[in-house]
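With the sequence shown counted from 1, adding 2 to any position gets you the numbering used here. Structure first, then comments.
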Amino acid sequence: MTFKMIAPLWSARNLILFSAACVTAAGLCSNASAGDIPPLFNVQIEHEFPEGKAALDEVVALVLEHYYTNKVDEQSLWWGAIEGILRRLSPDENRALAAIWTPEDFGNVNQSLQGVQESIGIKSSYNAGDGSLTVTEVLEGGPSVSLLLPYDRIVRIDGEALKGLPVKEIDRLLKGEKGTRVSLKVIRDVAIFDLLIPRDRVKVENVQQQTLAGDVGYIAIRKFSTGVSDEVKAGLETLTKEKIERLVLDVRGNSGGVFNEALKCSELFIPKGKSLMRMVSHGSKINNYVSANEEAFSFRLVVLMDKHSASASEILGAALREEAGAVLVGTGTYGKATMERIYTLENKFRVKFTNAALYSPKGKSWQKTGLLPDFPASQELELAAKLRKLKPEQRLAKDGQLRLAHRVLLKMK
């Protein structure tokens with residue numbers, strides 16, 4: 003979807019995390035309306051439901067009085083009602099987009115955004131069909147190094163089968179306090195064995211820099227955690243000193259992270275005054291985030307993406323394609339063009355739901371459709387993660403997507 007907008011100007015330098023509020027140095031903030039922009043996904047019911055709040059109270063009372071077992075309490079019902087509201091606010095393809103967290107669960111979420119976790123130190127993908135967790139990467143310095151390998155499949159955690167469990171519950175089973183242990187049943191090729199792995203505090207290395215053949219720079223961003231934009235900037239400064247003029251920016255497998263970090267990474271390449279992203283928030287207000295960078299880096303640029311590149315990664319890809327002349331290589335991306343804000347309730351629990359729709363600098367949405375590559379090339383996420391540990395010359399020989407990105411860059415003038 004594309005629409006015409008009369009946009010206010012906002013700077014990326016002073017964004018507040020998960021919020022559309024900001025103040026620019028020049029004070030160029032204003033509000034505009036996009037009119038009746040259709041929602042990205044429908045949450046309305048097709049029938050009337052009068053006296054809804056009273057009906058909810060009535061249902062709770064009926065359940066407490068007549069449910070077949072007395073092992074249900076009022077707190078559980080209120081929790082379930084809130085979960086139902088939040089599921090209603092999420093698209094069919096991602097029913098967990100809106101969520102409620104206990105204070106303990108939110109602590110784990112916040113750790114992840116800071117680039118730190120207390121866990122067994124792996125990245126994984128869930129296979130709903132057979133109820134297994136495929137290891138996509140074993141994090142360096144974590145407790146699973148030398149114990150787990152990419153492509154290992156975890157089928158039980160502490161004796162509990164994973165089939166049918168929500169991803170949130172599986173994540174909870176893996177994480178825990180430093181020093182505690184978790185028991186895993188693992189399938190590797192035809193072998194089935196058990197492992198006991200201690201949990202530890204793992205600092206995730208979210209930025210990786212290399213120089214490839216032909217004086218091509220390479221920077222991988224694995225998650226937009228706090229401080230990533232500073233790490234990327236340091237990498238770009240190093241490449242500039244080495245007289246590197248071509249760059250592969252790799253966000254394969256990057257599911258997103260901190261909204262502000264994605265904008266600041268985009269701003270590194272986009273000169274002052276050019277748009278980074280457009281946002282439609284409550285009341286159809288339009289905010290246009292504009293670069294304030296007077297010394298943008300200048301590279302011939304390829305962004306390497308895949309179907310797991312989502313949210314903040316798509317913000318980066320859309321901005322660099324439209325405003326920095328970047329070429330996208332890989333597969334179509336995940337297709338998440340919304341932003342969620344986290345609110346603290348009076349009882350210290352947190353809720354998260356969509357508070358804005360995101361659009362490219364030219365006003366295009368990538369919700370559900372994703373960003374389509376200029377040069378398509380497919381590859382398994384597990385293979386890409388395994389190849390990250392190879393030396394640059396070995397990677398080019400075995401990583402087909404990276405090899406295509408490299409060839410495209412060398413032909414760019």
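Ideal placement from N, C-alpha and C gives every residue a C-beta, glycine not left out. Fair warning: this is a prediction, and the values are worked out from it, not measured in the lab.
Boundaries (first-last residue) of the alpha helix (DSSP H) holding Pro394: Taking the sequence shown and counting its residues from 1, one reaches residue 394 at position 392. Element bounds for Pro394: 394-400.
Beta-ladder partner(s) of Val218, from DSSP: Counted from its first residue, the sequence shown places residue 218 at position 216. In DSSP, Val218 forms a bridge with Leu214, Arg248.
At least three beta-carbon pairs within less than 8 Å, the segment 279-287 to the segment 236-251: no
Same chain only: Cβ atoms within 7 Å of Leu79, ignoring 5 sequence neighbours per side: Here residue 79 refers to the residue found at position 77 when the sequence shown is read from its first residue. Excluding positions up to five away in sequence, the list reads Val62, Val65.
Pro93 (DSSP reduced to helix, strand or coil): Counting from one through the sequence shown, the residue named residue 93 turns up at place 91. Residue state for Pro93 is assigned as coil, using DSSP reduced to three classes.
Three-state class that DSSP yields for Phe355 in the structure shown: Here residue 355 refers to the residue found at position 353 of the sequence shown. Here Phe355 sits in strand by DSSP.
For Phe43 and Asn49, the rounded distance between their alpha carbons: The residue given as residue 49 occupies position 47 in the sequence shown. The residue given as residue 43 occupies position 41 in the sequence shown. For clarity, residue 49 is His in the given sequence; the question names Asn instead. If you take the alpha carbons of His49 and Phe43, they lie about 18 Å apart.
Boundaries of the beta strand (DSSP E) in which Asn129 is found, first to last residue: Here the question's residue 129 lines up with position 127 in the sequence shown. First-last of the beta strand (DSSP E) with Asn129: 124-129.
Rounded straight-line distance, which links the Cα of Ser277 to that of Val292: The residue given as residue 292 occupies position 290 in the sequence shown. The residue given as residue 277 occupies position 275 in the sequence shown. Computed Cα separation, rounded: 4 Å.
Rounded C-alpha distance that separates Phe151 from Pro41: Locating residue 151 in the sequence shown gives position 149, where the first residue counts as 1. Locating residue 41 in the sequence shown gives position 39, where the first residue counts as 1. For clarity, residue 151 is Leu in the given sequence; the question names Phe instead. In a straight line, the C-alpha of Leu151 is about 43 Å away from that of Pro41.
Proximity to Tyr153 [Cα-Cα], best of Ala101, Gly259, Ser127: To locate residue 153, count along the sequence shown from 1; it is residue 151. Of the candidates Ala101, Gly259, Ser127, the one whose C-alpha sits nearest the C-alpha of Tyr153 is Ser127.
Pro273 versus Ile288 - alpha carbon distance: Taking the sequence shown and counting its residues from 1, one reaches residue 273 at position 271. Taking the sequence shown and counting its residues from 1, one reaches residue 288 at position 286. Taking the straight line from one Cα to the other gives about 21 Å.
Contact the segment 252-262 vs the segment 304-313: 3+ CB pairs below 8 Å: Contact check between the segment 252-262 and the segment 304-313: three or more CB pairs, one atom from each, fall below 8 Å, which counts as touching.
Minimum length 3: unbroken beta strand (DSSP E) runs contained in the segment 246-320: 248-252, 277-283, 287-292, 302-307
Neighbour-count burial assignment, Ile156, 16 or more Cβ in a 10 Å radius: Residue mapping note: residue 156 aligns to position 154 of the sequence shown, counting from 1. Classification for Ile156: buried.
For Lys205, the first and last residue of its enclosing beta strand (DSSP E): As a working mapping, residue 205 is identified with position 203 in the sequence shown. Lys205 -> beta strand (DSSP E) spans 202-205.
Proximity of Ala430 and Ser92 at Cβ, strictly below 9 Å: In this structure the chain extends from 3 to 415, so residue 430 is not present and cannot be described.
Neighbourhood of Leu322 by C-beta, 7 Å cutoff - its chain only, sequence neighbours within 5 removed: In the sequence shown, counting from the first residue as 1, residue 322 sits at position 320. Excluding residues within five positions, the ones whose Cβ falls inside 7 Å are Ser268, Phe271, Leu303, Val305, Ala328.
Proximity below 9 Å, CB of Glu316 to CB of Lys338: Numbered from 1 along the sequence shown, position 314 holds the residue referred to as residue 316. Numbered from 1 along the sequence shown, position 336 holds the residue referred to as residue 338. Yes. Within cutoff.
In DSSP terms, what Leu135 is bridged to: In the sequence shown, residue 135 corresponds to position 133, counting from 1. Answer is Tyr128, Ile156.
For Thr340, three-class secondary structure by DSSP: For the purposes of this step, residue 340 is taken as residue 338 along the sequence shown, with counting starting at 1. Reduced to three states, the DSSP call for Thr340 is strand.
Boundaries (first-last residue) of the alpha helix (DSSP H) holding Tyr101: As a working mapping, residue 101 is identified with position 99 in the sequence shown. Here the sequence assigns Ala to residue 101, which means Tyr is not the residue at that position. First-last for Ala101: 101-103, but that is the beta strand (DSSP E), not the alpha helix (DSSP H).
Local conformation of Thr182 per DSSP, three classes: Translated into positions along the sequence shown, residue 182 becomes position 180. DSSP places Thr182 in coil when its eight states are reduced to three.
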